[in-house]
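Enquirer: Quick one: the structure is below, questions incoming.
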Amino acid sequence: MRVSRILLVGLLTTTGCHWCHHKPPSAVTLEARPLQVLEVEDATETALLVQELGLVPLATAGRRVFFRAEGDLLQRLTALDYQVVDTDANDVLTRTMWVSGPSQEAPLHEVGLRILRREKDGWIVSGTLRRLSLLEKLGYRLEELNGREPHPRPILVVLEDRRDLSKVLAVGIDVYAMGPLGDRGFVVNGGAFEDAIDALRAQNFAVKIQVDPAEVTP
Amino acid sequence: MTRGRTFVFLMALFVASGAFAAIDFSAYHTPEQVDAELAALATANPAIALRVSIGNSVEGRPIWALKISDNVATDEPDEGDVVIVALHHAREWVAAEAGLFMAEYLVEHFSDPELADCLANLEVWVVPVANPDGYLHTTTGYRYWRKNRRDNGDGTFGVDLNRNYAFQWGEGVGLDPEGSAYSVDDTYWGSAAFSEPETMALRDFIQGLDHPRALLSFHTYGEIFLRPWSYTSADPPGESTLALLAQDSIDRISAVHGHTYQETIWYRAFGEMTDYFWHERRLAGFTAELRPTGTLDLAGFSPPASQILPAAEENLPAVLSLLKDAGCRRLWIKDHAADSGSEPSAVWLGDHWSEPFWTSPDIWTEPEALVEGETVTLHVRVHNDGPMASGALVQAFFTDPRIALEFPSLTSTLIGQVTVDLPPGDTVVDFSWEVPTGTNSWGEYHWCVGALVSHPEDRPLTTLIEKTSNLGGRNFQTVQALASQFLAVAATNFLGVDAEFRVTIDPSTLPAGWEVVVPPLPQRTPSRKARLLRVEGPVLRPGETVMQPLRLRIAPGSPATTGTIQVNGVLIPLVPGQRSPVGNGYTYEVRLPPAPAPP
Chain A
842 MRVSRILLVG
852 LLTTTGCHWC
862 HHKPPSAVTL
872 EARPLQVLEV
882 EDATETALLV
892 QELGLVPLAT
902 AGRRVFFRAE
912 GDLLQRLTAL
922 DYQVVDTDAN
932 DVLTRTMWVS
942 GPSQEAPLHE
952 VGLRILRREK
962 DGWIVSGTLR
972 RLSLLEKLGY
982 RLEELNGREP
992 HPRPILVVLE
1002 DRRDLSKVLA
1012 VGIDVYAMGP
1022 LGDRGFVVNG
1032 GAFEDAIDAL
1042 RAQNFAVKIQ
1052 VDPAEVTP
Chain B
3 MTRGRTFVFL
13 MALFVASGAF
23 AAIDFSAYHT
33 PEQVDAELAA
43 LATANPAIAL
53 RVSIGNSVEG
63 RPIWALKISD
73 NVATDEPDEG
83 DVVIVALHHA
93 REWVAAEAGL
103 FMAEYLVEHF
113 SDPELADCLA
123 NLEVWVVPVA
133 NPDGYLHTTT
143 GYRYWRKNRR
153 DNGDGTFGVD
163 LNRNYAFQWG
173 EGVGLDPEGS
183 AYSVDDTYWG
193 SAAFSEPETM
203 ALRDFIQGLD
213 HPRALLSFHT
223 YGEIFLRPWS
233 YTSADPPGES
243 TLALLAQDSI
253 DRISAVHGHT
263 YQETIWYRAF
273 GEMTDYFWHE
283 RRLAGFTAEL
293 RPTGTLDLAG
303 FSPPASQILP
313 AAEENLPAVL
323 SLLKDAGCRR
333 LWIKDHAADS
343 GSEPSAVWLG
353 DHWSEPFWTS
363 PDIWTEPEAL
373 VEGETVTLHV
383 RVHNDGPMAS
393 GALVQAFFTD
403 PRIALEFPSL
413 TSTLIGQVTV
423 DLPPGDTVVD
433 FSWEVPTGTN
443 SWGEYHWCVG
453 ALVSHPEDRP
463 LTTLIEKTSN
473 LGGRNFQTVQ
483 ALASQFLAVA
493 ATNFLGVDAE
503 FRVTIDPSTL
513 PAGWEVVVPP
523 LPQRTPSRKA
533 RLLRVEGPVL
543 RPGETVMQPL
553 RLRIAPGSPA
563 TTGTIQVNGV
573 LIPLVPGQRS
583 PVGNGYTYEV
593 RLPPAPAPP
């Protein structure tokens, strides 16, 4: 009995200590290794680099291709007169993650994250590793999505003037259908994440969020 | 209504009755059922149907094609190829059903008299599901999933396969719907062009075909029949050819159930499939956005199953018409003396063209000798192997010589066009042509003439002379050329990508003692693309023109004579995958005058 009591106290102590003082490990691991970046002329050149040298693009930005120079790739690229430079992977690589914690949304914007979904208990955001890490330092809890893939919200935008269509398309929505709405203007049916919806509303477009289809299995 | 149209219309009605259908289209098939139906078609029709995998998806699933052809187990390199592909986008289930419908129809009706003649010259490939992983995900995960199932490694999945082709890839603003740089978006274009095994498989499969002639890609929804370009509202080369084909398809679709498809969409798409193949190969490709129409929401991707058959039925006449154009030669113009109307009329053999397809004997002038500024009669002979072709359009163009020649093109000038009835046999159509004054853009007294014949029952599917029997071409020199003895080959890279440029001479046409030397062009630093592909010859940038001089050496004492110099030119694009040459040739007439009498 005495031994058991000691064990129980020990367990409680351990549990209590973990519960009270343990800081959860960071969900955002910053990359220590740099990425390599080179400039290409166009997409065809990138495709040739993939085909001929086995380069694996990890990201592209305009004419810049980011990759990791494994093996003798760097030497082969240099021999072809490519200027390959290192760059901080944390400013290039992105993740899409679940965010919870403080209820204020403003810091998410200030850090520069893209807000994809606002849910009742958090957000789904995407951004570079560095920005996500910054958010975490502000006290937000970041988690992997673990299968909770974000889908755009189905939206309906009615335009009074069809000439506004280019403004709607410029914010980035996946268009399902669009066309004239009798003599009442022009209608766009599409899918959009929160940032695009926000951008539309900021331009005073009336955006109606449609019923979000449940995950349907036929 | 012509006989062909009547046939197609009756076929459509026949299909509408469901009389032939063994596959049940009253409900959507699961992905497994689509595969099984394709396999069953092959098993039940082993002489004409063969199921083959053209590659694997990113998750390792096979991408199945049903090959439909006589001698189906054998590759017949002289036959043309038509590809019908569906379901780049996973949620567009009606597209997969339409693909399956076309496969079954062509197998079941393979021996129908009016279809058999065309199919005998073709290998038809139906790929009902280009995106098997995404398709499966729409049945087990999210019904409205669009992309493939690439694990992007950042918490997101999927690449939009129809934004992943290399032409114009990654251009635009980088947002939905024209193609997004963000991996979470529905139109994410991927980490590079052809980053996805599905698009690479389709590229390599189509590039590996012997003679691809037409491509049709089924999507949903909106009832729209699209042609290149998708990335811009500007006209592509050969716009009138593509527009004719698209409008005819729209008319045929409309005739079935009264649904008139639109021909434009409200937004651009970069890295799209049909743009890529028209740009790369001048392979006519169309995108049919099937039912339903209207400004619906996501429900537009899952219309009632009762819409499957009407959607497929109304597109059947467009498919059959493309097959007829691709497989049944009826109206044709010779490209060279030995041409019997086959497509292609010549192929690049590594160092020369198999036939001089720029020497059509069906195009000639009267008088024969061309003098700049004078008006001549340009004769075009059209062969008709079928019944009377009423209302055929015959057009004649001229242009600077260039590699490669295409008609119509952004640089050719219309000499004239006439609408004529072409009875069986040969008909000669005449045009009045004022021979251009002076030299062409390259300083030569040299012009190329193209003649094009089209009819609703036989339309050209491309703008390249050697690839369509509806088109013939011939190069002409004015008498000033004979006087100048100036020899050169001017080449403009009309492709949108860098291209290797080669010139060779066929010595067999030279008189004894004559030799033509092709001096090397001035050295320039090879581009990185050229070095990546280990290309050592000259490379032309898009739109660049180069003048390749030729030197004629005639051995002393050679007799006075007139000889012909046959020059082969080719452009080989610097692109990933198979590099398909396009080109042209010139046949120069050169006169060696008698030696002057000794003083």
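Read top to bottom, the protein sequences are chains A and B.
Going left to right, the first sequence walks through residues 842 to 1059 as my numbering numbers them.
Going left to right, the second sequence walks through residues 3 to 601 as my numbering numbers them.
Cβ coordinates follow ideal geometry from the N, Cα and C atoms, glycine included.
1. The ligand COA and residue 155 (chain B): does the residue's C-beta get closer than 7 Å to at least one heavy atom of that ligand?
2. Give me the Cβ distance between residue 361 (chain B) and residue 338 (chain B), rounded to the nearest whole Å; I'm assuming they're in contact under 8 Å.
3. Have a look at B:531, B:374, B:226, B:459 and flag the residue whose alpha-carbon is nearest the alpha-carbon of residue 255 (chain B).
4. Taking any Cβ of chain B, which residues in the stretch 994 to 1017 of chain A have a Cβ under 8 Å from it, in chain order?
5. Determine, using beta carbons only, whether residue 195 (chain B) comes closer than 8 Å to chain A.
6. Residue 433 (chain B) bridges to which residues according to DSSP?
7. Could you tell me if residue 79 (chain B) is buried or exposed, where buried requires 16 or more neighbouring beta carbons within 10 angstroms of its beta carbon?
8. Count the other CB atoms, across all protein chains shown, that sit within 10 Å of the CB of residue 867 (chain A); report buried if there are 16 or more and exposed otherwise.
9. Starting from the C-beta of residue 145 (chain B), find all residues in its chain whose C-beta is less than 7 Å away, skip the five residues before and the five after it, and write them out in chain order.
10. Applying the criterion that 16 or more other CB atoms from any shown protein chain within 10 Å of the CB defines a buried residue, is residue 96 (chain B) buried or exposed?
11. From residue 554 (chain B) to residue 440 (chain B), what does the alpha carbon distance come to, in whole angstroms?
12. Closer than 8 Å, CB to CB, is residue 580 (chain B) near chain A or not?
13. For residue 1035 (chain A), count neighbouring C-beta atoms within 10 Å of its own C-beta (all shown protein chains included) and say buried if the count is 16 or more, exposed if not.
14. Where do the N-terminal and C-terminal ends of the beta strand (DSSP E) with residue 336 (chain B) fall, by residue?
15. Output the distance between the C-alpha atoms of residue 372 (chain B) and residue 340 (chain B), rounded to the nearest integer angstrom.
16. Is the stretch 26 to 39 of chain B close to the stretch 129 to 138 of chain B, with three or more CB pairs under 8 Å?
17. Hey, residue 937 (chain A) and residue 986 (chain A): beta-carbon distance below 8 Å or not?
18. Tell me, to the nearest whole angstrom, how far the beta carbon of residue 427 (chain B) is from that of residue 398 (chain B); I am working on the premise that it is less than 8 Å.
19. So the candidates are B:230, B:91, B:83, B:468; which of them puts its Cα closest to the Cα of residue 212 (chain B)?
20. Using 8 Å as the limit for Cβ to Cβ distance, is residue 177 (chain B) near chain A?
21. I think residue 463 (chain B) touches residue 216 (chain B), with their Cβ atoms under 8 Å apart; what is that distance to the nearest whole Å?
22. Do the CB positions of residue 1026 (chain A) and residue 1001 (chain A) come within less than 8 Å of each other?
23. Three-state secondary structure (DSSP) at residue 252 (chain B)?
24. Go through its chain and collect everything with a Cβ distance to residue 602 (chain B)'s Cβ below 7 Å, but skip five positions before and after it.
25. Helix, strand or coil, according to DSSP, for residue 280 (chain B) in the structure here?
26. When DSSP builds the beta bridges, which residues end up paired with residue 1005 (chain A)?
27. Is it true that the stretch 975 to 989 of chain A meets the stretch 1009 to 1018 of chain A, where meeting means three or more beta-carbon pairs spaced less than 8 Å apart?
28. Does any residue of chain D bring its CB to less than 8 Å from the CB of residue 953 (chain A)?
29. Do residue 580 (chain B) and residue 352 (chain B) have their C-beta atoms within less than 8 Å of each other?
30. Residue 108 (chain B) and residue 56 (chain B) look like a contact to me (Cβ under 8 Å); what is the Cβ gap, rounded to whole Å?
31. Taking 8 Å as the threshold (C-beta atoms), are residue 546 (chain B) and residue 477 (chain B) in contact?
32. Name the DSSP beta bridge partners of residue 508 (chain B), please?
33. Do residue 333 (chain B) and residue 394 (chain B) count as a contact pair if the criterion is CB distance below 8 Å?
34. To the nearest angstrom, how far is the alpha carbon of residue 103 (chain B) from that of residue 288 (chain B)?
35. Just the Cα atoms here: how many angstroms apart are residue 192 (chain B) and residue 390 (chain B)?
36. With DSSP as the reference, label residue 178 (chain B) as helix, strand or coil.
Expert: Once the coordinates are examined:
1. The model depicted lacks the ligand COA and carries no ligand whatsoever.
2. The residue given as residue 361 (chain B) occupies position 359 in the second sequence. The residue given as residue 338 (chain B) occupies position 336 in the second sequence. The beta-carbon separation of residue 361 (chain B) and residue 338 (chain B), rounded to 5 Å, stays under the 8 Å limit for a contact.
3. Numbered from its first residue, the second sequence carries residue 255 (chain B) at position 253. Looking at B:531, B:374, B:226, B:459, the one whose alpha-carbon comes closest to that of residue 255 (chain B) is B:226.
4. Listed by position along the chain: 995, 997, 1006, 1010, 1011, 1012, 1013, 1014, 1015, 1016, 1017.
5. Residue mapping note: residue 195 (chain B) aligns to position 193 of the second sequence, counting from 1. Contacts with chain A at 8 Å (Cβ-Cβ) include residue 195 (chain B).
6. Taking the second sequence and counting its residues from 1, the one referred to as residue 433 (chain B) is at position 431. Beta-bridge pairing links residue 433 (chain B) to B:380.
7. Here residue 79 (chain B) corresponds to residue number 77 of the second sequence, with the count starting at 1. It counts as exposed.
8. Here residue 867 (chain A) refers to the residue found at position 26 of the first sequence. Residue 867 (chain A) sits exposed, since fewer than 16 C-beta atoms from the chains shown fall within 10 Å of its C-beta.
9. The residue you call residue 145 (chain B) lines up with position 143 of the second sequence. Within the same chain, 93, 304 come within 7 Å of residue 145 (chain B) by CB-CB distance, once the 5 residues on both sides are set aside.
10. On the second sequence, residue 96 (chain B) is found 94 positions in, with the first residue counted as 1. The residue in question, residue 96 (chain B), is buried, as its Cβ has 16 or more Cβ neighbours within 10 Å.
11. Here residue 554 (chain B) refers to the residue found at position 552 when the second sequence is read from its first residue. Here residue 440 (chain B) refers to the residue found at position 438 when the second sequence is read from its first residue. Straight-line Cα distance between these residues: approximately 23 Å.
12. Mapped onto the second sequence, residue 580 (chain B) falls at position 578. No, residue 580 (chain B) does not count as interfacial toward chain A.
13. For the purposes of this step, residue 1035 (chain A) is identified with residue 194 of the first sequence, where counting begins at 1. With 16 or more other Cβ atoms from the protein chains shown falling within 10 Å of its own Cβ, residue 1035 (chain A) counts as buried.
14. To locate residue 336 (chain B), count along the second sequence from 1; it is residue 334. No beta strand (DSSP E) contains residue 336 (chain B), which DSSP labels as neither H nor E.
15. Start at 1 with the first residue of the second sequence, and residue 372 (chain B) comes out as number 370. Start at 1 with the first residue of the second sequence, and residue 340 (chain B) comes out as number 338. About 25 Å.
16. Cβ pair count under 8 Å is three or more, so yes.
17. Residue 937 (chain A) sits at position 96 when you count from the first residue of the first sequence. Residue 986 (chain A) sits at position 145 when you count from the first residue of the first sequence. For residue 937 (chain A) and residue 986 (chain A), yes; Cβs fall inside 8 Å.
18. Here residue 427 (chain B) refers to the residue found at position 425 when the second sequence is read from its first residue. Here residue 398 (chain B) refers to the residue found at position 396 when the second sequence is read from its first residue. With a Cβ gap of about 20 Å, residue 427 (chain B) and residue 398 (chain B) do not count as contacting.
19. As a first step, residue 212 (chain B) is located in the second sequence; it is residue number 210 there, counting from the start. Nearest of B:230, B:91, B:83, B:468 to residue 212 (chain B), Cα basis: B:83.
20. Taking the first residue of the second sequence as 1, we reach residue 177 (chain B) at position 175. So yes, residue 177 (chain B) belongs to the interface.
21. As a first step, residue 463 (chain B) is located in the second sequence; it is residue number 461 there, counting from the start. As a first step, residue 216 (chain B) is located in the second sequence; it is residue number 214 there, counting from the start. Yes, they are in contact, since the Cβ atoms of residue 463 (chain B) and residue 216 (chain B) sit about 5 Å apart, within 8 Å.
22. Locating residue 1026 (chain A) in the first sequence gives position 185, counting from the first residue. Locating residue 1001 (chain A) in the first sequence gives position 160, counting from the first residue. Taking 8 Å as the Cβ cut-off, residue 1026 (chain A) and residue 1001 (chain A) qualify as a contacting pair.
23. Taking the second sequence and counting its residues from 1, one reaches residue 252 (chain B) at position 250. DSSP, reduced to helix, strand and coil, places residue 252 (chain B) within a helical segment of the structure shown.
24. Since the first residue shown for chain B is 3 and the last is 601, residue 602 (chain B) is missing from the structure and cannot be characterised.
25. Position 278 of the second sequence holds residue 280 (chain B). In this structure, residue 280 (chain B) counts as helix in the three-state DSSP scheme.
26. Start at 1 with the first residue of the first sequence, and residue 1005 (chain A) comes out as number 164. Residue 1005 (chain A) is not bridged to any residue.
27. The stretch 975 to 989 of chain A makes no contact with the stretch 1009 to 1018 of chain A; the number of CB pairs closer than 8 Å stays below 3.
28. Of the chains in the structure shown, none is chain D; the protein chains are A and B.
29. Within the second sequence, the letter at position 578 stands for residue 580 (chain B). Within the second sequence, the letter at position 350 stands for residue 352 (chain B). Taking 8 Å as the Cβ cut-off, residue 580 (chain B) and residue 352 (chain B) do not qualify as a contacting pair.
30. Indexing the second sequence from 1 puts residue 108 (chain B) at position 106. Indexing the second sequence from 1 puts residue 56 (chain B) at position 54. The Cβ separation is near 18 Å, so there is no contact.
31. Position 475 of the second sequence, counted from the start, is the residue given in the question as residue 477 (chain B). Position 544 of the second sequence, counted from the start, is the residue given in the question as residue 546 (chain B). Not in contact: residue 477 (chain B) and residue 546 (chain B) (Cβ atoms no closer than 8 Å).
32. In the second sequence, residue 508 (chain B) corresponds to position 506, counting from 1. As a beta-bridge residue in DSSP terms, residue 508 (chain B) pairs with B:568.
33. Locating residue 394 (chain B) in the second sequence gives position 392, where the first residue counts as 1. Locating residue 333 (chain B) in the second sequence gives position 331, where the first residue counts as 1. Yes, these two residues count as a Cβ contact at 8 Å.
34. Reading the second sequence from its first residue, position 101 is the one you call residue 103 (chain B). Reading the second sequence from its first residue, position 286 is the one you call residue 288 (chain B). Between residue 103 (chain B) and residue 288 (chain B), the alpha-carbon positions lie close to 18 Å from each other.
35. Locating residue 192 (chain B) in the second sequence gives position 190, counting from the first residue. Locating residue 390 (chain B) in the second sequence gives position 388, counting from the first residue. C-alpha separation (whole angstroms): 51 Å.
36. Along the second sequence, one-based indexing puts residue 178 (chain B) at 176. If DSSP states are grouped into helix, strand and coil, residue 178 (chain B) belongs with coil.
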